[in-house]
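Visitor:
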Amino acid sequence: EIFSAGLRLTPGNWLLLAEWARRADAGLIPKTHAGYVTVGYRLRQLQPYVTFAKLDSQTHAPQAIPT
164 EIFSAGLRLT
174 PGNWLLLAEW
184 ARRADAGLIP
194 KTHAGYVTVG
204 YRLRQLQPYV
214 TFAKLDSQTH
224 APQAIPT
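Under our numbering, the residue at position 36 of the sequence shown is numbered 199, and the numbers go up by one with no gaps.
1. Given a cut-off of 8 Å on the beta-carbon distance, is the pair G203 and W183 in contact?
2. Output needed for A181: all residues of its chain with C-beta closer than 6 Å, excluding positions within five of it in sequence on either side, in chain order.
3. Measuring only the C-alpha atoms, how far is S220 from E164?
4. Strictly by DSSP, which residues pair up with R186?
5. Helix, strand or coil, according to DSSP, for Q105 in the structure here?
What follows is the structure in structure tokens.
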């Protein structure tokens, strides 16, 4: 199961981007939550911005595939 959602807002000279995603499965790939937020401000032709991102992964699978 994979779910993601995103948002973009541009009020005036401001920029706000955000995205969140989740992957939940009982297989070998771990359950994962990830997201980021970006904030920027337009100054004429320049738009500096900063981004914060986070990834959380819960590993319940074996480290190697048994043979």
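The beta carbon of each residue, even a glycine, is placed where N, CA and C say it ideally should be.
Guide: This is what the structure holds:
1. Working through the sequence shown from its first residue, we reach residue 203 at position 40. Working through the sequence shown from its first residue, we reach residue 183 at position 20. No.
2. Counted from its first residue, the sequence shown places residue 181 at position 18. Within the same chain, A181 has close Cβ partners L170 and V200.
3. The residue labelled residue 220 in the question sits at position 57 within the sequence shown. The residue labelled residue 164 in the question sits at position 1 within the sequence shown. Whole-angstrom Cα-Cα distance: 15 Å.
4. Against the sequence shown, residue 186 aligns to sequence position 23. For R186, which the question treats as bridged, DSSP gives the partners I165 and T195.
5. The requested residue 105 is not part of the displayed model; the chain covers only 164 to 230.
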